[in-house]
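Structure first, commentary second.
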Amino acid sequence: MSRPRIVIVGAGFAGYRTARTLSRLVRDKADITLLNPTDYFLYLPLLPQVAAGVLEPRRVTVSLSGTLPRARLVLGEADGVDLEGHTVHYTGPEGDTGTLPYDRLVLAVGSVNKLLPIPGVAEHAHGFRGLPEALYLRDHVTRQMELAAAADDPASCAARCTFVVVGAGYTGTEVAAHGKMYTDAQVRKHPLRRGIRPRWLLLDIAPRVLPELDEHLSRTADRVLRQRGVEVRMGTSVKEATSDGVLLTDGECVDTRTLVWCVGVRPDPLVESLGRPLERGRLIVDPYLQVPGQQGVFACGDAAAVPDLNNPGKFTPMTAQHAWRHGSTAARNVAASLGIGERRPYRHRDLGFVVDLGGTKAAANPLGLPLSGLLAGAVTRGYHLAAMPGNRVRVAADWLLDSVLPRQAVQLGLVRSWSVPLDTASPELARVPGGPDPRDKAATGSGPGAATRADTASGGLAQEPASGPGDEEPANPRGRGAEGSGPGSEAAGSQPDGEPARSGPGPEAAKNQPGGEPARNQPGGEPARNQPGGEPARNQPGGEPARNQPGGEPARNQPGGEPARNQPGGEPAKNQPGPEPAKKQHLNLPGNQPVGEVAQRRAGDHPAPGPVRRSDPPSGSPAEGDS
């Protein structure tokens, strides 16, 4: 007789804890399969310290195969679930598709960024839900500070060293606190123009910082932020975002190249495709974490609406603390369904909250006891060391070294802005130029496939309640939503040359391409390179390095180069069907539609060409669709 097959979808706080507990309970009595886009568990609460250079990236990751020896790891992203056929459809990291049959299923797919219908946010904001986003933000902030130090124009210098964070919950507060310390340290190495200092703004429509906590801890965090120099703007949010600034709801226009989106999270759209009852996008389960009417199907973490038995009529919040304990209860109940032990309902009370504000500063509320200052900092770091499932010694060593040695502020260039768009469900999967798009090969079956994720995510903008930044920031010691991730993208104009990259298809002239030759494969021209019958295109895998990229020559129409042809001030492209000169579009949204007040205010300020949606790959690379 074959052994029962247990499939766990997702390896966030809930999924990882489920797999770890099940491995211990069932041992060799069942086959455990863990489906996850990456081979690591990510400890999200310490992500701001990665972005600030306190911790190395691998310190906040725990190997799945190394810590779950009895579980089979399958790399891939779930596209759909066939509840009738008892199969999970998924797409692997290289575009291959597959199915996983199950006898017991645990859905722990987590959450994604919550987007609001604000013009320009999806195109110009950086998310903060995954490791690639933290690495990208660290590079981006470093680059902006270096460019600001070298800028001759005071206005450009001030804009580049201005950073706007939307959402004053756990994530936004920690990002602003650590970010201000990081940029202040950089200024000591790269002095700015006289009278200009790094400027960090923390925005939220909530009346106070950390609205999830009691007023004492909120006041503590607010005081630390203001003493450090962060501008805390409560009751204010972003009305419109562009490539070179944001318009605030109070009417102020802030010139900046950096917008960090930490508004909150919403359940992964995959659960909506199941056709089961939902509570604000979360899959309704019973107190035993089982989906009603579906034998052998369980859900936990951010994607599950778990009844709060301590507060009848309510559901447990979307926090890492609850998700971690969901995983333990789900594992025990799955094992009980196989005749191992007894099932138990989920009961838990909050153990308190900790918020790391950088250095020795923190705000903590362990077991309801409010703490601040050095003692809160010690409790906060001690809690994280105890809660982490691995890497404790390495994390402690990094903290020790950071206290005695200066941080390294260098750009690694490992993650590009278009590889982590704000609306993707899996920011940990950096998109590779020229690589297959898993969504194009999503398994359909009776599950919805990846198209359902994308459609739901894009449609969620109009369906989200008119809540403001920070509304759904999780309140928990780990500081943010339990699982899943959402992405971030780079503001146009934050390229190393300061100009928006041109990458979309269109009748651009070939003499704005590396080498300055006319575009082939146009009417009357030769076949394009990297097209059937042609040679590999430059800036493609296997081709020559793109100019204005690391290791390449500066692109024309960039500082130090000649003006690009077919650009304002250049000659029209040859061998094209009469293209018109590029118009000023830097304040337009996709589709070249005006975006409102900022466009009217700035229409004549910048003659640069319009920005490309930053989820697009560089010129010559296949465009990735929305996640």
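Those letters in the sequence shown? Residues 769 to 1395, per our numbering, in order.
From the three backbone atoms N, C-alpha and C, an ideal C-beta is built for every residue, glycine too.
Secondary structure at P861: coil, using DSSP grouped into helix, strand and coil.
Comparing C-alpha distances from F1121 to each of A1088, S1096, H892 and A1104 shows the shortest one belongs to A1088. 8 Å or more divides the Cβ of T865 from the Cβ of C1068. T789 and S1187 have their C-alpha atoms some 34 Å from each other. Two segments are said to touch when three or more pairs of C-beta atoms, one from each, lie closer than 8 Å; by this definition the region 872 to 891 does not touch the region 810 to 822. Looking from the CA of R987, the closest CA among P1138, L1153 and V828 belongs to P1138. For N1101, the secondary structure class from DSSP, reduced to helix, strand or coil, is helix. Residue state for Q1058 is assigned as strand, using DSSP reduced to three classes.
As a beta-bridge residue in DSSP terms, E999 pairs with L969.
In this structure, the beta-carbon distance from K957 to A1177 falls below 8 Å. The C-alpha of I1108 is placed about 42 Å away from the C-alpha of E942.
In the structure shown, D1124 falls within a strand segment according to DSSP collapsed to helix, strand and coil. Judged by their CB atoms, V1033 and N804 are not nearer to each other than the 8 Å cut-off. Judged by DSSP secondary structure, D1118 falls outside any alpha helix (DSSP H); it is assigned neither H nor E. Under the DSSP definition of a beta bridge, Y808 partners with S831.
In the three-state reduction of the DSSP assignment, V933 falls in the strand class. In the same chain as L823, and ignoring 5 residues on each side of it, the C-beta atoms closer than 7 Å to its own belong to L814, Q817, V1163 and D1166, in chain order. The Cβ atoms of V1074 and T930 do not sit closer than 8 Å to each other. If you look at D1023, you'll find it in the beta strand (DSSP E) that goes C1021 to D1023. Residue range V889 to H892 is occupied by the alpha helix (DSSP H) that includes A890. L841 is not a Cβ neighbour of V828, given a cutoff of 8 Å. Between G1061 and S1105, the C-beta gap is not smaller than 8 Å, which leaves the two residues out of contact. Residue environment analysis places Q1058 among the buried positions, since at least 16 neighbouring C-beta atoms fall within 10 angstroms of its C-beta. Counting along the chain, no alpha helix (DSSP H) covers G853, and no H or E run does either. In the three-state reduction of the DSSP assignment, V909 falls in the helix class. In this structure, Y870 is the residue among G863, G848 and Y870 with its C-alpha nearest to the C-alpha of V1102. For D807, the closest alpha carbon among the candidates R792, P825, D799 and L832 is that of L832. In the structure shown, E824 falls within a coil segment according to DSSP collapsed to helix, strand and coil. Counting C-beta atoms within 10 angstroms of its own C-beta, S770 has fewer than 16 neighbours from the protein chains shown and is therefore classed as exposed. Bounds of any alpha helix (DSSP H) do not take in L843; it lies within the beta strand (DSSP E) bounded by A839 to L843. Checking the DSSP bridge columns, you'll see E1047 partnered with R1050. With a beta-carbon spacing of about 6 Å, Y938 and V1123 fall inside the 8 Å limit used to define contacts. With 16 or more other CB atoms across the displayed protein chains lying within 10 angstroms of its CB, S879 is buried.
Judged by their CB atoms, R967 and E999 are nearer to each other than the 8 Å cut-off. Judged by their CB atoms, Q912 and R1025 are nearer to each other than the 8 Å cut-off. Contact between G935 and D972 holds: their C-beta atoms lie close to 6 Å from each other, under 8 Å.
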